[in-house]
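First the structure, in the form of structure tokens, and then the observations on it.
Listed below in structure tokens is the structure:
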């Protein structure tokens, strides 16, 4: 592949947990990166990041930094995205944004790669990457929607601290060390100690008593699945796990389905792996999903509290930094390249991804 | 109170986590103990346990050890209870058994003190103490059953390792120390490391795909609440917490109820404390519930996925060693004393709990 057919890719928030994973996933998946531009706040600019065997200096994320960028992967928080995504898009970049800033904007597609990549067609420069808790659930719900219809879904989450960011990982680590040393556990990132605890508070509280995280699962699932009336309830809980979110899912379907049929169905979904052999203690596990790009589903069983074989109980686990964030963002970029839906500048640069 | 009006109390499994808590709760609540007989397997017999300022030697749990015992609190596993509870009852003791051995026996009352103490009336020498996950849920469900009726309940649990026993507490502690030391994490009590993980396997798997722990919540709730057809689904998950179980609960009620009305209702239930001030980050927490005898409920909100204000989402936390096991067992003993329902021998000894 010639340098001309390669893309200029910017990663905004490149020093963060998700940003660093984005850089790693781009390299692992051999995405056709020509120039890789790592950007961050002025505070982090000047630092260096090792990526694909090179050491790259981090530049400041300002509008001018997006000149000649084809694809900009944002993971620097909602405020940065609100400010800079339009500036990047105005310069011809296609923005894939991991914050919540644009997700519910009707003009912005919200895409899980294996669920609704067709929504990429109507993007106008900004594409939203869903929240990690929603991400791993959507392909499972899509499969059930298409096969037997969705009536109601209850999801309770067991979320890792890396979903909050590097400072939360450090806080858990510090509390663990304090525990071993017999010292008090200081909490600053979270309102209470996360070590040896379960915190039913992720993101801010809304007027309806749900947290914003819980409501994201509701609203984003509806948008991604094209089911604006989907009935879904969620309790989102942070637990002392470093990487991977786990979810207990209870689905009421419109038509009957057996656990065997559900397992066979899930096995057909790209990027989904069925792990369901209780006799051998095999089921999705946070520690085993960490570092993997797939969504793992298991503990599939008929829920007898729903009549007529229309209930399923499931356990769904995925690496929140990868499929829950970085991997899906790169998959969106791949889909754009594959369908030639990158915007103006990259089209000017000739066919993207064509052999040299 | 004279020595004669006091009771001879045996604690079986006195060296275990729950057994030690039983000894502690008996002392804290000033239960009218005359002689305290601590019993355990032959392996643990001869050890000493400190209780109420005294050091007591642990005797071997054999049938003869229950001679002259009024109340025997068992927490030594199902096999010990199956063997020895009938032997103790045959000698006139009233057994309050914390194992799962007798819970579903139609001739054995299964009692949560503030829910169905009236069931104690038909005991024939053995009374079962419910599973910890069921225990903390039952008073909440009772209140809703009585006020607005129960249609369907979904419960996902976040359970602490102390529910497994002292060896599981040591295993988590060891894995945490290994993490800090950079050493590998050995798992023996659980099939996978529990540190920084969420294990969706508690107790053995049943043919229907549920674990026995999950099915206990279903079957025991039905028996305690006198609702043999109650529709309930549960996923039971072990997380790296030392003490207290947390539960995300989603209730469909028969008639409408608002969150305000639900909070007011819960506040009337003995032993239940409403903690629900999200603006101040106040909600039930495992670390804060540890060492307390109450059941804490919060995050009360309308579940909009159920029509007609018939849905509630809740977060329920309680110390699994106390209300989930030891405290309820002692509360049952108190209820028996208060109602003069201790069996033959104690009646022979004169009015129980009467002033000297």
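Protein chains in written order, with the numbering used here: chain G, 8 to 363; chain L, 8 to 363.
Heads up, the beta-carbon is just placed ideally off N, CA and C, and yes, glycines get one too.
Taking residue 162(L) as the reference, give the member of 155(L), 147(L) and 169(L) with the closest Cα.
Comparing alpha carbon positions, the residue from 155(L), 147(L) and 169(L) closest to residue 162(L) is 147(L).
Residues of its chain near residue 74(L), where Cβ-Cβ distance is below 8 Å and the 5 sequence neighbours each way are ignored:
Excluding five sequence positions before and after residue 74(L), the CB atoms of its chain that fall closer than 8 Å to its own CB belong to 98, given in chain order.
Within the same chain, show all residues whose beta-carbon is closer than 8 Å to that of residue 354(G), passing over the 5 residues directly before and after it, in chain order.
Because residue 354(G) sits at a pLDDT of 41, beneath the cut-off of 50, its placement in the model cannot be relied upon, and the following sentence gives the value as read from the coordinates. Excluding residues within five positions, the ones whose Cβ falls inside 8 Å are 347.
Select from 78(L), 48(L), 49(L) and 20(L) the residue whose C-alpha is nearest the C-alpha of residue 14(L).
The shortest C-alpha separation from residue 14(L) is found at 78(L).
Skipping 5 residues on each side, what residues in its chain have a beta carbon closer than 7 Å to that of residue 40(L)?
Once the five neighbours on either side are set aside, the close Cβ partners of residue 40(L) are 13, 14, 16 and 33.
Three or more C-beta pairs closer than 8 Å, one from the segment 285 to 294 of chain G and one from the segment 105 to 121 of chain G: is that the case here?
Segments in contact, no.
Any chain L beta carbon closer than 9 Å to residue 76(G)
Chain L contact via Cβ: absent.
Whole-angstrom distance between residue 271(L) and residue 283(L), CA atom to CA atom
If I take the Cα positions, the gap works out to 11 Å.
What residues in the segment 233 to 267 of chain G have a beta carbon less than 7 Å from any beta carbon of chain L?
Using a CB distance below 7 Å, the part of the segment 233 to 267 of chain G facing chain L consists of 238, 239, 240, 242, 244, 246, 247, 248, 249, 253, 255, 257 and 266, ordered along the chain.
Let me know the secondary structure DSSP gives residue 342(L) once reduced to three states.
Note: residue 342(L) maps to helix in three-state DSSP.
Are any of the Cβ atoms in chain L nearer than 9 Å to that of residue 355(G)?
For residue 355(G), the predicted model reports a pLDDT of 40, less than 50, meaning its position is unreliable and no value from the coordinates is stated.
Contacts that residue 208(G) makes with chain L (C-beta to C-beta distance below 8 Å):
Neighbours of residue 208(G) in chain L, taken as residues whose beta carbon is under 8 Å from its own, are 285, 288 and 290 in chain order.
Paired residues, beta bridge with residue 241(G) - DSSP:
According to DSSP, which records beta bridges pairwise, residue 241(G) is partnered with 162(G).
Is there contact here, the segment 273 to 283 of chain G with the segment 185 to 205 of chain G, by at least three beta-carbon pairs under 8 Å?
Under the three-pair Cβ rule at 8 Å, the segment 273 to 283 of chain G does not count as touching the segment 185 to 205 of chain G.
What are the residues that DSSP puts in a beta bridge with residue 253(L)?
Paired residue(s): 165(L) and 324(L).
Under the three-state DSSP convention, the category residue 303(G) falls into
Strand at residue 303(G).
May I have the straight-line CA-CA distance separating residue 126(G) from residue 319(G), to the nearest angstrom?
Those two C-alpha atoms are separated by around 29 Å.
Using the beta-carbon of each residue, which ones in chain G are nearer than 8 Å to residue 293(L)?
At a beta-carbon threshold of 8 Å, the residues of chain G lying near residue 293(L) are 203, 204 and 205, ordered along the chain.
Can the beta-carbon of residue 46(L) be found closer than 9 Å to that of residue 30(L)?
Result no, Cβ atoms of residue 46(L) and residue 30(L) do not sit closer than 9 Å.
Verify the CB distance criterion: does residue 312(G) have a CB-CB separation below 9 Å to chain L?
Yes, because at least one Cβ of chain L sits closer than 9 Å to the Cβ of residue 312(G).
Around the C-beta of residue 132(G), are 16 or more other C-beta atoms found within 10 angstroms, so that it is buried, or is it exposed?
Under a 10 Å Cβ-count criterion, residue 132(G) is classified as buried, with 16 or more other Cβ atoms of the shown protein chains found around its own Cβ.
Buried or exposed by the 16-neighbour rule on C-beta atoms within 10 Å, applied to residue 344(G)
Buried is the label assigned to residue 344(G), since at least 16 other Cβ atoms lie within 10 Å of its Cβ.
What's the gap between the Cα of residue 20(L) and the Cα of residue 92(L)?
Going by the C-alpha atoms only, they are around 12 Å apart.
Going by beta-carbon coordinates alone, are residue 244(G) and residue 165(L) separated by less than 9 Å?
In contact: residue 244(G) and residue 165(L) (Cβ atoms closer than 9 Å).
Closest by C-alpha distance to residue 299(G), when choosing among 278(G), 315(G), 309(G) and 310(G)
Minimum Cα-Cα distance from residue 299(G) among the listed residues 278(G), 315(G), 309(G) and 310(G) corresponds to 278(G).
Chain G residues whose Cβ lies nearer than 8 Å to that of residue 306(L):
Contact of residue 306(L) with chain G by beta-carbon distance below 8 Å involves 207, 216 and 242.
Measure the CB-CB distance between residue 308(L) and residue 260(L) and report whether it falls below 9 Å.
Result no, Cβ atoms of residue 308(L) and residue 260(L) do not sit closer than 9 Å.
Check whether residue 183(G) and residue 264(L) have beta carbons under 9 Å apart
No.
At a Cβ threshold of 9 Å, is residue 199(G) touching chain L?
The beta-carbon of residue 199(G) is placed less than 9 Å from the nearest beta-carbon of chain L.
C-alpha gap between residue 53(L) and residue 258(L), whole angstroms:
Between residue 53(L) and residue 258(L), the C-alpha separation is close to 48 Å.
How about the segment 169 to 176 of chain L and the segment 142 to 160 of chain L: do they share at least three Cβ pairs that are nearer than 8 Å?
With a cut-off of 8 Å, the segment 142 to 160 of chain L and the segment 169 to 176 of chain L do not count as touching, because too few Cβ pairs lie within range.
Using three-state DSSP, classify residue 143(G) as helix, strand or coil.
Three-state result, residue 143(G): helix.
In chain L, which residues lie less than 8 Å from residue 318(G) when you measure between Cβ atoms?
Within chain L, the residues near residue 318(G) are 240.
Excluding sequence positions up to five away, which residues of its chain have a Cβ less than 6 Å from the Cβ of residue 26(L)?
Only 18, 20 and 82 meet the Cβ criterion.
Contacting residues, own chain, Cβ-Cβ under 6 Å from residue 242(G) (five flanking each side not counted):
For residue 242(G), where only same-chain residues beyond five positions count, the Cβ hits under 6 Å are 163.
So, for residue 229(L): in the same chain, excluding its five sequence neighbours on each side, which residues have a beta-carbon less than 8 Å away from its beta-carbon?
Leaving aside the five residues that flank residue 229(L) on each side, the residues in its chain whose CB is nearer than 8 Å to its CB run, in chain order, 235, 236, 237 and 239.
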